[in-house]
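When we follow this note's numbering, the leftmost residue of the sequence shown carries the number 2, and every step to the right adds one.
Working notes, structure below.
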Amino acid sequence: MPAETWRLLDTGVADPYTNMAVDEAILLEHREGKTPPTLRFYAWQPPTISLGYFQQLEKEIDVVAVRERGLGLVRRLTGGRAVLHDNEVTYSVVAREDHPLMTGGIRPSYLRLAEALALGLRELGAPVEIASGRKGGQDEHTSAACFDAPSWYEITCGGRKLVGSAQTRKGGVVLQHGSIVIALNVDDLFAVLKMPSEAVRQRLKDKFYHQACGLEDILGRRVEGEEIKAGIARAFTRLYGLEFIRGELTDGEKGRLEELRAKYASKDWLERR
Numbered sequence: 002m003p004a005e006t007w008r009l010l011d012t013g014v015a016d017p018y019t020n021m022a023v024d025e026a027i028l029l030e031h032r033e034g035k036t037p038p039t040l041r042f043y044a045w046q047p048p049t050i051s052l053g054y055f056q057q058l059e060k061e062i063d064v065v066a067v068r069e070r071g072l073g074l075v076r077r078l079t080g081g082r083a084v085l086h087d088n089e090v091t092y093s094v095v096a097r098e099d100h101p102l103m104t105g106g107i108r109p110s111y112l113r114l115a116e117a118l119a120l121g122l123r124e125l126g127a128p129v130e131i132a133s134g135r136k137g138g139q140d141e142h143t144s145a146a147c148f149d150a151p152s153w154y155e156i157t158c159g160g161r162k163l164v165g166s167a168q169t170r171k172g173g174v175v176l177q178h179g180s181i182v183i184a185l186n187v188d189d190l191f192a193v194l195k196m197p198s199e200a201v202r203q204r205l206k207d208k209f210y211h212q213a214c215g216l217e218d219i220l221g222r223r224v225e226g227e228e229i230k231a232g233i234a235r236a237f238t239r240l241y242g243l244e245f246i247r248g249e250l251t252d253g254e255k256g257r258l259e260e261l262r263a264k265y266a267s268k269d270w271l272e273r274r
């Protein structure tokens, strides 16, 4: 039985508006049947806070602090909490809802994708696990940070979260993207989250160190993005029989970028909720 062919994209480093525009352009073109299912890897410059689609900017993020620290700020198409994209590999997967990896709804698809991500990280020597579903209620002052929030099938090591992912479904197509952390940048993240007091900020920051980690913490060595990408692509092939063909953005995807990038860069989009 021949392997199923997917496109593999590595779009490198881009600004936050372009990164989000590319993910949505891939979703839209795949919805129209013009592109194959796609696994994409990318990175961010400058380091960027991405806000979940339903988060309230004015309630949760100190925009002045974001500016003072030279960080980018963008709202994602997906839900979830705020993420600081800095020293990481970001991945996205786009496929139709009726694809075997995506059928059954959000939780089963999360698990299938998590299994591939976890296998890829284990190949690097990271003894990661897949946590089995949402935990109990949040405490009184749970922060707005993604890695401080419980989620389905999160990838952990020693109980500390290593990968944060979010998913949306539009027009019969699934987009899931997420952060594979190489090294945490806790100082910048907690400097821009609004808190009721500095004491609460410090308490949650200390707590965060026990709830999240980076690959370099786990492995005790320098980790290159290229080995993460290669390991994850191999894992999708081993688990699901996918054959990846390296590709580029199509003309159709490129043609959508100017309008989509303008949307993500707009004040209306950032402040929409």
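Just so it is clear, CB atoms sit at the ideal spot from N, CA and C, and this is done for glycine as well.
Sub-8 Å separation of residue i and residue j beta-carbons
i	j	result
Leu125	Leu243	no
His178	Thr91	yes
Trp153	Arg108	yes
Leu74	Thr36	no
Leu118	Ile156	yes
Leu114	Leu122	no
Gly71	Ala167	no
Val95	Leu176	yes
Arg262	Gly173	no
Tyr43	Ala15	yes
Ser198	His86	no
Which of helix, strand or coil DSSP assigns to residue i
i	result
Ala213	strand
Tyr92	strand
Leu72	coil
Tyr43	strand
Phe191	helix
Asn63	Inspection of the sequence shows that residue 63 is occupied by Asp rather than by Asn. Asp63: coil per DSSP, three-state reduction.
Gly159	coil
Lys35	coil
Gln177	strand
Asp269	helix
Glu254	helix
Leu220	helix
Thr238	helix
Val129	coil
Leu102	coil
Gly137	Here the model assigns Gly137 a pLDDT of 44, short of 50, so the residue's position is not dependable, and the following value carries that caveat. Three-state DSSP puts Gly137 in coil, outside helix and strand.
Ala4	coil
Cα-Cα separation, residue i to residue j
i	j	result
Phe245	Arg41	11 Å
Lys264	Gln56	17 Å
Thr104	Tyr241	14 Å
Asp140	Met196	Bear in mind that a pLDDT of 44 at Asp140, under 50, signals an unreliable position, so the model cannot answer this.
Leu120	Arg257	34 Å
Thr6	Phe237	11 Å
Glu25	Leu52	16 Å
Asp189	Glu228	26 Å
Gly232	Arg223	16 Å
Glu98	Gly34	13 Å
Leu250	Leu10	8 Å
Val84	Ser93	15 Å
Thr19	Glu260	10 Å
Thr169	Ser267	21 Å
Ser110	Asp269	31 Å
Ala127	Val182	12 Å
Asp252	Ile27	11 Å
Ala200	Ala66	18 Å
Val129	Asp218	12 Å
Ala184	Gly226	11 Å
Ile131	Glu116	7 Å
Gly13	Lys230	12 Å
Contact belief for residue i with residue j at Cβ below 8 Å, rounded distance in angstroms
i	j	result
Glu254	Glu30	5 Å
Arg273	Arg76	7 Å
Arg8	Thr39	5 Å
Val193	Ile62	6 Å
Leu271	Leu58	6 Å
Phe191	Arg202	6 Å
heavy atom of the ligand HEM below 7 Å from residue i C-beta
i	result
Arg8	Because no ligand of any kind appears in the structure shown, any question about the ligand HEM cannot be addressed here.
Three Cβ pairs or more, each shorter than 8 Å: is that satisfied between the segment 200-214 and the segment 159-179? yes
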